[in-house]
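The block underneath contains the structure these notes are about, expressed in structure tokens.
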Amino acid sequence: MPENDKQGLSVVTCTAPVNIAVIKYWGKRDEDLILPINSSLSVTLHQDQLKTTTTVACSRNFQQDRIWLNGKEEDINNPRLQSCLQEIRRFSRKRRNTGDSTSDASSVSHKVHICSVNNFPTAAGLASSASGYACLVYTLSQLFGVESEQLSAVARQGSGSACRSLYGGFVQWKLGTQLDGKDSLAEQVESESYWPELRVLILVVSAEQKSVGSTSGMHTSVETSQLLKYRADVVVPSRMEEMIRVIRERDFPAFGELTMKDSNQFHAICLDTYPPIFYLNNMSHRIISLVHRYNQYYGETRVAYTFDAGPNAVIYTLQDHLPEFVQVVRHFFPPEVNGEEFVKGLTVCSADLSEELKRDINMEPTPKGIRYIISTKAAQERWTHN
Amino acid sequence: MPENDKQGLSVVTCTAPVNIAVIKYWGKRDEDLILPINSSLSVTLHQDQLKTTTTVACSRNFQQDRIWLNGKEEDINNPRLQSCLQEIRRFSRKRRNTGDSTSDASSVSHKVHICSVNNFPTAAGLASSASGYACLVYTLSQLFGVESEQLSAVARQGSGSACRSLYGGFVQWKLGTQLDGKDSLAEQVESESYWPELRVLILVVSAEQKSVGSTSGMHTSVETSQLLKYRADVVVPSRMEEMIRVIRERDFPAFGELTMKDSNQFHAICLDTYPPIFYLNNMSHRIISLVHRYNQYYGETRVAYTFDAGPNAVIYTLQDHLPEFVQVVRHFFPPEVNGEEFVKGLTVCSADLSEELKRDINMEPTPKGIRYIISTKAGPGPCVVKDPNHHLLGADGLPKKSAISH
């Protein structure tokens, strides 16, 4: 419920999570409605480690909509922002017209001030548009009293993957078949408490070259990659089924292998784009190599990587393997000696590495290749309201 | 014709070229016969810059088959080598039985000594198996009197892409439909004199990590990449048609774009393999970036890259653009100051770069990122070396002291 005060100022604050796709979204079939060419599936991360916090204030005294992101005022006329604001207001008016509203009758026509911050650095290259738009849309919906079932479509129009951040645990964004996109929505597959042993590490790589942005990158892929259509029409549908099945069976080796394969196929599509897009850099290749060698040593998939449109690695593993793998990363990517805390977030127990393991992995250490690690896990659906 | 002498020693020396694919071969449908899952097309490079020279000597006095590669004796029992030797001997016997032979009736049952050298360093990472097997097979065919039409199949069984090195100019290796592979053969699309303005640069990158070998790499790709079958069945057939058309039309922008796209798709398949294979490294990415920015500056495709299973870049361009592009490479990949000659092979005229071009490309130079460049062009197929002084084997059937690698 928004706070109202004598000046007619309503204020709501919410938080929303980041999500990391294990079956990737890359390519739209409709640029305006942001409808994807294939379904996707993600794991929502815990807000204790990563979240966006957004406050929206609404008042009859505000002259115009305004927005501040991470302390800096940004352009409110950004088309995606406008899309979200217009859609939320439209839903709100519809509700009032049907007599459902319990909120302040005039608030939807008032201007809003939006302030949003992330508890993780933008420079870390962690996609914040998903958590950002999910938070904005959710907060606005709280302010204007819009039902949550309709939020998927609104969030999606801000940033495709934002709709997946509206749910906790394991979330799928269904492709949909309708041209108007009304059935292109996110839904929870399983909650985070379904697989409590699953753990996530974000390996923040030293910042290097600027990447091609996702929106233009995926547009160029759709235009130029002959392999992409086949991926979307044939490969992803069966992978979605398989992914849902292996999550429900809590089959980590299968989950891990499929996650790695889909990450690689996404980057393969980027390479098949013209001009080609390279998101994986030398450090990403080394991390990939490390994971494969580590799994090979144990003869099973204990750890899995996935990479989005940037060089940072997201590692999935089970709680039991976490201490040793973090130690492996520390050994092969030794951090700055008196630098910042190397492992942030959830505590990771220490572990010793056998000489045999180190010898078998057989890679040259890359000092300072990884700036730091964020240790986290899947998140419950939990929103903070003030 | 093999030279015969009183000891019954026959000697033949031949040379064969390297070829660089513009539509890539990656994946077999038959591992024994080396039949590919898709057709491929290549440009044969000029032997003045890159070639394999092979001498084969045959004598009733030799105890066993032996082979020396770049000065070192190697294992003659390598299955691919054995495959070639057996196939050539089989064809030769068939000819004698049908009465076609003009060569020494008993030579096919004699043992052979083979000595082979490349005029380019192995460390350069330039695939020498194609030129090597093409040369071996061609030389053996000269010795045993086997018709050239049958050589494709024999060379292919040594190393798939070797069959494309049996012809000059622009060569396609047809996928074939028969299970026995008898129709999976190479044939010339156009000769090397068809497009004389076409030029080739090989950018030899500083050697880094070891790559996954082609044979095992493509096997893993066939086993694990879901995109590969689609590439082979749907994408490549139409690209082959297009490539043949753009070559015949001498349409460089179209040729260049298609070449780059197919190189990228090959590497995309490698990334879609499990575990993924990375042949392109940081330096390769920079070269790719440079080419795209250079082309963008001029608003047309003037230069094209292609990469095989390694970090070296092969650049295709037209003669007119060569001096400037070489200067661009020199500027953005400044070589060692007192190092080896940066541009080897065919002479490249000097050129100035405008400040505007350098500014527009807008890349940080990468000193010593490229070790050297080989400047070359399309060239002819294998040929016989007539001068007996160039035999790599002496009268004793052993490598001459001069037959060592560079």
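Sequence lines, in order, name chains A and B. Residues 1 to 386, numbered by the working numbering, are exactly what the first sequence covers, in order. Residues 1001 to 1406, numbered by the working numbering, are exactly what the second sequence covers, in order. Yeah, the Cβ is synthetic: ideal placement off N, Cα and C, and Gly gets one too.
Quick one: does residue i have its CB under 7 Å from some CB of chain A?
{"i": "residue 1082 of chain B", "result": "no"}
{"i": "residue 1292 of chain B", "result": "yes"}
{"i": "residue 1024 of chain B", "result": "no"}
{"i": "residue 1268 of chain B", "result": "yes"}
{"i": "residue 1041 of chain B", "result": "no"}
{"i": "residue 1285 of chain B", "result": "yes"}
{"i": "residue 1271 of chain B", "result": "yes"}
{"i": "residue 1261 of chain B", "result": "yes"}
{"i": "residue 1137 of chain B", "result": "no"}
{"i": "residue 1237 of chain B", "result": "no"}
{"i": "residue 1297 of chain B", "result": "no"}
{"i": "residue 1105 of chain B", "result": "Residue confidence is low: residue 1105 of chain B scores 47 on pLDDT, short of 50, so the model does not pin down where it sits. Its coordinate-derived value is still stated next. So no, residue 1105 of chain B is outside the interface."}
Chain B beta carbons: is any one of them nearer than 7 Å to that of residue i?
{"i": "residue 278 of chain A", "result": "yes"}
{"i": "residue 162 of chain A", "result": "no"}
{"i": "residue 316 of chain A", "result": "no"}
{"i": "residue 113 of chain A", "result": "no"}
{"i": "residue 368 of chain A", "result": "no"}
{"i": "residue 140 of chain A", "result": "no"}
{"i": "residue 134 of chain A", "result": "no"}
{"i": "residue 106 of chain A", "result": "Annotation note: pLDDT 48 at residue 106 of chain A (below 50); position unreliable, coordinate value reported separately. No, its Cβ sits nowhere closer than 7 Å to a Cβ of chain B."}
{"i": "residue 264 of chain A", "result": "yes"}
{"i": "residue 268 of chain A", "result": "yes"}
{"i": "residue 261 of chain A", "result": "yes"}
{"i": "residue 38 of chain A", "result": "no"}
{"i": "residue 235 of chain A", "result": "yes"}
{"i": "residue 25 of chain A", "result": "no"}
{"i": "residue 230 of chain A", "result": "yes"}
For residue i, which residues in the same chain have their Cβ closer than 6 Å to its Cβ, ignoring the five residues on either side in sequence?
{"i": "residue 50 of chain A", "result": "18 and 120"}
{"i": "residue 1115 of chain B", "result": "1055, 1068, 1392, 1393, 1399 and 1403"}
{"i": "residue 105 of chain A", "result": "Its pLDDT being 47, under 50, residue 105 of chain A is placed unreliably in this model, and the value from its coordinates should be taken loosely. Here the set comprises nothing."}
{"i": "residue 373 of chain A", "result": "201, 203 and 343"}
{"i": "residue 126 of chain A", "result": "120"}
{"i": "residue 1126 of chain B", "result": "1120"}
{"i": "residue 314 of chain A", "result": "20, 202 and 306"}
{"i": "residue 165 of chain A", "result": "16, 17, 19, 130, 131 and 134"}
Against residue i, what residues of chain B qualify as contacts under a CB-to-CB distance less than 7 Å, listed in chain order?
{"i": "residue 275 of chain A", "result": "1292"}
{"i": "residue 285 of chain A", "result": "1278"}
{"i": "residue 348 of chain A", "result": "Correct list: empty, because the minimum Cβ distance to chain B is about 26 Å."}
{"i": "residue 292 of chain A", "result": "1275"}
Whose Cβ in chain A lies nearer than 8 Å to the Cβ of residue i?
{"i": "residue 1113 of chain B", "result": "None at all; the shortest Cβ gap to chain A is about 40 Å."}
{"i": "residue 1321 of chain B", "result": "In chain order: nothing, as chain A lies at least about 19 Å away."}
{"i": "residue 1282 of chain B", "result": "281 and 282"}
Going along the chain, which residues of its own chain have a beta-carbon closer than 8 Å to the beta-carbon of residue i, five neighbours each way excluded?
{"i": "residue 1389 of chain B", "result": "none"}
{"i": "residue 1108 of chain B", "result": "1089, 1092, 1093, 1096 and 1144"}
{"i": "residue 1326 of chain B", "result": "1201, 1343, 1348, 1351, 1373 and 1375"}
{"i": "residue 193 of chain A", "result": "169 and 380"}
Cutting at 7 Å between CB atoms, please list the residues of its own chain near residue i, excluding the five before and the five after it.
{"i": "residue 1008 of chain B", "result": "1059 and 1060"}
{"i": "residue 236 of chain A", "result": "23, 38 and 39"}
At 9 Å on the CB atoms, spell out the chain A contacts of residue i, in chain order.
{"i": "residue 1264 of chain B", "result": "271, 272, 273, 274, 275 and 276"}
{"i": "residue 1288 of chain B", "result": "275, 276 and 278"}
{"i": "residue 1338 of chain B", "result": "Under the 9 Å cutoff, chain A gives no residues; its nearest Cβ is about 29 Å from residue 1338 of chain B."}
So which residues of chain B does residue i contact, with C-beta pairs closer than 9 Å?
{"i": "residue 227 of chain A", "result": "1227, 1230, 1231, 1235, 1265, 1268, 1269 and 1272"}
{"i": "residue 288 of chain A", "result": "1275, 1276 and 1278"}
query: Are three or more beta carbon pairs between the region 1009-1019 of chain B and the region 1381-1395 of chain B nearer than 8 Å?
result: The region 1009-1019 of chain B and the region 1381-1395 of chain B touch, with no fewer than 3 CB-CB distances between them shorter than 8 Å.
task: Please determine if the region 1251-1267 of chain B and the region 246-262 of chain A are in contact, where contact requires at least 3 C-beta pairs separated by less than 8 Å.
output: Of all C-beta pairs linking the region 1251-1267 of chain B to the region 246-262 of chain A, fewer than three are shorter than 8 Å, placing the two stretches out of contact.
- prompt: Would you call the region 227-239 of chain A and the region 338-356 of chain A touching, i.e. three or more CB-CB distances under 8 Å?
  reply: No, the region 227-239 of chain A is not in contact with the region 338-356 of chain A.
query: Within the chosen definition, does the region 1210-1220 of chain B reach the region 1313-1332 of chain B through at least 3 CB pairs nearer than 8 Å?
result: Verdict: no, contact absent.
- prompt: How do the region 1164-1175 of chain B and the region 1333-1349 of chain B stand: do at least 3 beta-carbon pairs fall below 8 Å, yes or no?
  reply: These segments do not touch.
- prompt: Which residue spans inside the region 163-192 of chain A form an unbroken beta strand (DSSP E) run of at least 3?
  reply: Fully enclosed beta strand (DSSP E) runs of 3 or longer: 170-173 and 186-190.
message: Closer than 8 Å is the cut-off here; do at least three beta carbon pairs connect the region 300-307 of chain A with the region 316-325 of chain A?
response: Touching, yes.
- prompt: Can you find at least 3 beta carbon pairs, one from the region 1353-1370 of chain B and one from the region 1176-1193 of chain B, that sit closer than 8 Å?
  reply: Too few Cβ pairs lie closer than 8 Å, so no.
- request: Decide if the region 70-77 of chain A is in contact with the region 13-30 of chain A; the criterion is three or more beta carbon pairs, one per stretch, under 8 Å apart.
  value: The region 70-77 of chain A, when compared against the region 13-30 of chain A, does not touch it at the 8 Å Cβ threshold.
query: Do the region 214-222 of chain A and the region 269-289 of chain A touch if we need at least three Cβ pairs shorter than 8 Å?
result: The region 214-222 of chain A, when compared against the region 269-289 of chain A, does touch it at the 8 Å Cβ threshold.
field: Whole runs of the alpha helix (DSSP H) within the region 248-313 of chain A, excluding any shorter than 4 residues
entry: The qualifying runs are 252-271 and 282-298.
- request: Determine contact between the region 276-295 of chain A and the region 1274-1283 of chain B, defined as no fewer than three beta-carbon pairs at a distance below 8 Å.
  value: Judged by pairs of C-beta atoms under 8 Å, the region 276-295 of chain A touches the region 1274-1283 of chain B, as three or more such pairs exist.
- prompt: Are the region 1299-1317 of chain B and the region 1269-1280 of chain B touching by the rule of at least three beta carbon pairs closer than 8 Å?
  reply: Counting C-beta pairs with one atom in each stretch, the region 1299-1317 of chain B and the region 1269-1280 of chain B have three or more that are closer than 8 Å, which means they touch.
Contained beta strand (DSSP E) runs [length at least 3] in the region 1159-1227 of chain B, N- to C-terminal order: Whole beta strand (DSSP E) segments, 3+ residues: 1170-1173, 1186-1190 and 1198-1205.
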